[in-house]
């Protein structure tokens, strides 16, 4: 079975072709989900000439099976739990709380590291294009959408290069618009569709954000 993309750079370049309606719009911002969503979103930002920032979300992985999400947290004290996974694996409440506390610390660390002292952007009254490198369960993206709603954007557009068909369909009820460039079935997993799905480092995220801030400075910075 052939992959869809060589790497996240190519994925971002192709995803940008589905978002041309938002090119050079001053009422639009791109928010990437670190870490893997940042190189994808950076390429979209370059093509559309739209400012790029990040929105930190952390998956709550099942202990011992961390790739399986039992939920996610996002900036703004938002937590979304996957009730089906929790019920199926009979995960006790104290385990959920312990994982949440650990991931909250990591979320705060990344906020400080990635922004490098730059303030976050003003989401209110903007169209937000929310980008990740793919959607599997959708828990992380769902948490991001719900956290962003609290900041009253004009609209939330979810855009990803590849997604599980069912997840893409489910998230269409949460976002104002959803663009899943490819929805292969069977899905297998996000990494299956990339030739190079190597981990994006903290340094990569920091450098891409600094570069984007220089190339597309945002007029929507919070005071």
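Numbering (the UniProt record's numbering), first residue to last: 1 to 223. Note that beta-carbon positions come from the ideal geometry of N, C-alpha and C, so glycine has one too.
Check	Outcome
Closest to residue 203 by CA distance: which of 155, 122, 144, 115 is it?	115
Please classify residue 82: does DSSP put it in a helix, a strand, or coil?	coil
Would you mind giving the Cβ-Cβ distance between residue 75 and residue 147, rounded to the nearest angstrom? I have them listed as a contact below 8 Å.	6 Å
Taking C-alpha atoms, which residue in 2, 51, 22, 7 lies nearest to residue 179?	22
Quick one, are the C-beta atoms of residue 107 and residue 56 less than 7 Å apart?	yes
Which residues in the same chain as residue 175 place their Cβ atom closer than 7 Å to its Cβ, once the five residues preceding and following it in sequence are excluded?	145, 156, 157, 158
Out of 54, 34, 110, point me to the one whose CA is closest to residue 121's CA.	54
Less than 6 Å between C-beta atoms, sequence neighbours within five positions excluded: which residues of the same chain meet that for residue 129?	30, 157, 159
Taking the beta strand (DSSP E) that residue 28 belongs to, which residues open and close that run?	28-32
State buried or exposed for residue 25, treating a residue as buried only when at least 16 other CB atoms are found within 10 Å of its CB.	exposed
Note down, in chain order, each residue of its chain lying with its Cβ closer than 6 Å to the Cβ of residue 85, except the 5 sequence neighbours on either side.	70
Near residue 216, which residues of its chain fall below 7 Å by C-beta distance, leaving aside the five closest residues on each side in sequence?	45, 49, 50, 51, 52
Measure the C-alpha to C-alpha separation of residue 207 and residue 27 and round it to an integer number of angstroms.	25 Å
Counting only runs that start and end within the segment 164-191, where is the beta strand (DSSP E) found for 3 or more residues in a row?	177-180
Residue 96 and residue 37: beta carbons closer than 7 Å?	no
Going by the beta-carbon positions, is the gap between residue 40 and residue 133 smaller than 7 Å?	yes
Determine the burial state of residue 98: buried for a count of at least 16 other Cβ atoms within 10 Å of its Cβ, exposed for fewer.	exposed
Tell me, which residues are paired with residue 42 by DSSP?	In DSSP, residue 42 forms no bridge with anything.
Cα separation between residue 110 and residue 34?	9 Å
Alpha carbon to alpha carbon, how far is residue 19 from residue 43? Give it in angstroms, no decimals.	12 Å
Name the residue from 195, 194, 142 whose alpha carbon lies nearest to the alpha carbon of residue 172.	142
Quick check: the Cα distance between residue 127 and residue 212, rounded to an integer number of angstroms?	18 Å
DSSP three-state call for residue 53: helix, strand or coil?	strand
What's the gap between the Cα of residue 151 and the Cα of residue 138?	21 Å
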